[in-house]
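Each remark here refers to the structure printed beneath this line.
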Amino acid sequence: MSLHLKKRLAVYVSLTQFYGYWGWQSREVVEEFVADLFDLKPSSVHRWCHDFETAHYLEEDRRGKHSKVRSPLFDAEYQGFRERFRHYVKAHSIGKDGTPNLTADALAEWVNSDLELGEGDKYSNRTILRWLHALGFSVHSVKNTLYVDGHEREDVVADRERLYKELEEVRPSLQTVDDCTLEEAENSAATHILISQDEKIHHSGDIQRRYWSDGTFTKLRQKSLGRTVMTSDFLSEIFGFIRYSNDDPVVPGERTGSVLDVSVDGYYNNERCLVDFAECSEAVKTLTDGKLGCVFLTDRSPIHCKYPEDGLNAKAMNVKPGGKQPRMRPGWYERDGQRVVQDMVFPADHPRYAGLPKGLRQVVIERFGEAAVVGKKQDELVNLLSNCDDFASQKTLLQEEANARGDRVIYGVKFHPELAPIEAAYRSIAKAIRIGNSSKSSAGFVERVESCQEPADLTLLLIRKHFRSSREYLKCYVDGMSMEEIRRLRKERRKHRGPAPMLPASTDHSNVGKFNRRRVV
6 MSLHLKKRLA
16 VYVSLTQFYG
26 YWGWQSREVV
36 EEFVADLFDL
46 KPSSVHRWCH
56 DFETAHYLEE
66 DRRGKHSKVR
76 SPLFDAEYQG
86 FRERFRHYVK
96 AHSIGKDGTP
106 NLTADALAEW
116 VNSDLELGEG
126 DKYSNRTILR
136 WLHALGFSVH
146 SVKNTLYVDG
156 HEREDVVADR
166 ERLYKELEEV
176 RPSLQTVDDC
186 TLEEAENSAA
196 THILISQDEK
206 IHHSGDIQRR
216 YWSDGTFTKL
226 RQKSLGRTVM
236 TSDFLSEIFG
246 FIRYSNDDPV
256 VPGERTGSVL
266 DVSVDGYYNN
276 ERCLVDFAEC
286 SEAVKTLTDG
296 KLGCVFLTDR
306 SPIHCKYPED
316 GLNAKAMNVK
326 PGGKQPRMRP
336 GWYERDGQRV
346 VQDMVFPADH
356 PRYAGLPKGL
366 RQVVIERFGE
376 AAVVGKKQDE
386 LVNLLSNCDD
396 FASQKTLLQE
406 EANARGDRVI
416 YGVKFHPELA
426 PIEAAYRSIA
436 KAIRIGNSSK
446 SSAGFVERVE
456 SCQEPADLTL
466 LLIRKHFRSS
476 REYLKCYVDG
486 MSMEEIRRLR
496 KERRKHRGPA
506 PMLPASTDHS
516 NVGKFNRRRV
526 V
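Numbering (our numbering), first residue to last: 6 to 526.
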């Protein structure tokens, strides 16, 4: 039913009921009844009835019968503007000389300036987005990777459980923030802070990947990655990126980690990694007057998981004695309820293999007997030993050095960057570097990387949100939720819940005649 028909019926029913039937208590009761009947406002019914009684005429509804606005998208007078609009998008879609790719906000500023619109008549970025799509533009992305989803693999699910238990074990001793207020929480029992660590490789050829295009132009992926810089970073929800205290007598305020020009310094390795972790621990001591240590959350890259030279590592062993396999420290196994110490090297007086490593076959025979090696290949022997308690409990070199300092290293889970807060922080850093790379020059790339390590949008508040988000993800996984369910839940949480707040009503409810006729609604 059209609004005009509703208006006519509402006036007819209201007046005939009020003047023709004396059972109504008042005119207001009649108008409220009619308004509810036709889903209208009582004030509108009252106004229409008053207009009809005084003028004996109902003005015909003109909705949709006249043009209140003129759209620059369709009006012939704005053909020149549309051409300028298309040209501006094509010229600025892909940033140049250190400028970001074109965004809807930036385009809205240009449109409002070009049309010389006042503050009250400016177009919003949502309107500009509709214009872009209407004129044939869409968001394109430069892609060259293949994502492999391993979220629900049995070993990955079990590793998530392991990570959750380890973090819960250290949580009472962590100085952390309140997830509701994002303020530092009081914890008199705190002995450590949680630090998310990782490395990031940056290329001078890594450019902004998303841009607007109407299909008439495209941005090709660069064949060369350009100059390579590798960084190592330490992120805390208490201090942000870890720096030495400003009162440190040697390196006041210096940020921990490394920035390596790969062509000169080589790639990041375990030796550099051990130094960086030790420096980060030292820096935290300077920030907390020696009160707090570090719980490092990092990934299982070969850099972090290198074993000590004499560590128990079945993967480094040969099947037979001798060769280039390492001489490992003694292991142990249980027999008849007693712990038996087992040397991994033959004694010096052995008639054939004096002082040589025993190898997989000999170690397995000593533990499980001759039958345990029959028909087994190297991989099977490695798996058999790796599951033994002494081999499984072997700490990495990084863990052993951390434990010696009073720190702890906890390894993350593969396929789960959302559980590492520093990965979210790297998005802001990578964005800033890609904007800088639009200059298409590798000269000064190391300096550009260093200047982009703490972008303006990566505030301490945002860093704390990243840590909170990683905790929420891990808790949802442990509760049995899938990635799709978690994303849907997080999307629902971002929506407004409950009734909207009551805003004070304006004294003038009508905006008729107040809009610039050149503005698109």
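Note that the Cβ used here is the ideal one computed from N, Cα and C, for glycine as well.
Computed from a prediction, not measured in an experiment: that's the story for all the values here.
- With at least 16 other beta carbons inside 10 angstroms of its own, Asn318 counts as buried.
- Excluding five sequence positions before and after Gln202, the CB atoms of its chain that fall closer than 6 angstroms to its own CB belong to Phe239, Phe301 and Thr303, given in chain order.
- A contact is defined here as three or more CB-CB pairs under 8 angstroms, and the region 399-410 fails this definition with respect to the region 164-173.
- Rounded to the nearest angstrom, the gap between the Cα atoms of Pro47 and Pro77 is 38 angstroms.
- Excluding sequence positions up to five before and after Gly417, its CB lies within less than 8 angstroms of the CB of Leu168, Leu302, Thr303, Asp304, Arg305, Leu424 and Ala425, all in the same chain and listed in chain order.
- Within the same chain, Gly210 and Ile212 come within 8 angstroms of Gln227 by CB-CB distance, once the 5 residues on both sides are set aside.
- According to DSSP, Lys205 shares a beta bridge with Thr236.
- Remark: three or more beta-carbon pairs, one from each stretch, lie closer than 8 angstroms, so the region 100-108 and the region 441-450 are flagged as touching.
- If you draw a straight line from the Cα of Arg91 to the Cα of Arg439, it is about 25 angstroms long.
- When C-beta atoms of the region 240-247 are compared with those of the region 462-473, three or more pairs fall below 8 angstroms, so the two segments count as touching.
- Looking from the CA of Lys329, the closest CA among Lys363, Pro335, His309 and Val346 belongs to Lys363.
- Tyr272 sits exposed, since fewer than 16 C-beta atoms from the chains shown fall within 10 Å of its C-beta.
- Within the region 329-406, the complete beta strand (DSSP E) runs of at least 3 residues fall at 336-340 and 343-347.
- Excluding residues up to 5 positions away in sequence, Arg248, Tyr249 and Asn251 lie with their Cβ nearer than 7 angstroms to the Cβ of Gly258 in the same chain.
- Judged by beta-carbon spacing, Val289 lies within the 8 angstroms limit of Cys299, meaning their Cβ atoms are closer than that value.
- C-alpha of Ala359 to C-alpha of Gly374: approximately 22 angstroms in a straight line.
- In the displayed model, Ile198 falls within a strand according to three-state DSSP.
- Residue pairing by DSSP places Phe301 opposite Ile200 and Val414 in a beta bridge.
- In the three-state reduction of the DSSP assignment, Tyr216 falls in the strand class, which pools E and B.
- Put simply, the backbone Cα of Val346 is about 7 angstroms away from that of Tyr338.
- Judged by DSSP in its simplified three-state form, Leu465 adopts helix.
- By the Cβ-count criterion, Thr59 is exposed, with fewer than 16 other Cβ atoms from all chains shown falling within 10 Å of its own Cβ.
- Beta bridge pairing from DSSP links Phe246 with Leu240.
- If you draw a straight line from the Cα of Gly155 to the Cα of Tyr312, it comes to about 26 angstroms.
- Secondary structure in the region 78-156: the beta strand (DSSP E) runs of 3 residues or longer, each lying completely within the stretch, are 143-146 in chain order.
- Spatial neighbours of Glu284 in its own chain (CB-CB distance under 6 angstroms, excluding positions within 5 residues in sequence) are listed in chain order as Thr261.
- The Cβ atoms of Ser178 and Ala163 lie no closer than 8 angstroms to each other.
- The continuous beta strand (DSSP E) containing Ser263 extends over residues Ser263 to Asp266.
- Assigned with DSSP and collapsed to three states, Arg158 falls in coil, not helix or strand.
- Here Phe142 has Val94, Trp217, Ser218 and Asp219 as same chain residues with Cβ atoms under 7 angstroms from its own Cβ, once five neighbours each way along the sequence are excluded.
- About 7 angstroms separates the beta carbon of Thr236 from that of Glu204, a gap short enough to meet the 8 angstroms contact definition.
- Annotation for Arg332: Val350 and Pro362 place their beta carbon closer than 6 angstroms to its own, counting only its chain and skipping 5 residues before and after.
- The residue from Tyr24, Gln30, Val50 and Arg32 with its alpha-carbon nearest to that of Leu10 is Val50.
- The alpha-carbon of Cys393 is positioned some 14 angstroms away from that of Gly316.
- Note that the C-beta distance between Tyr128 and Ala113 is below 8 angstroms.
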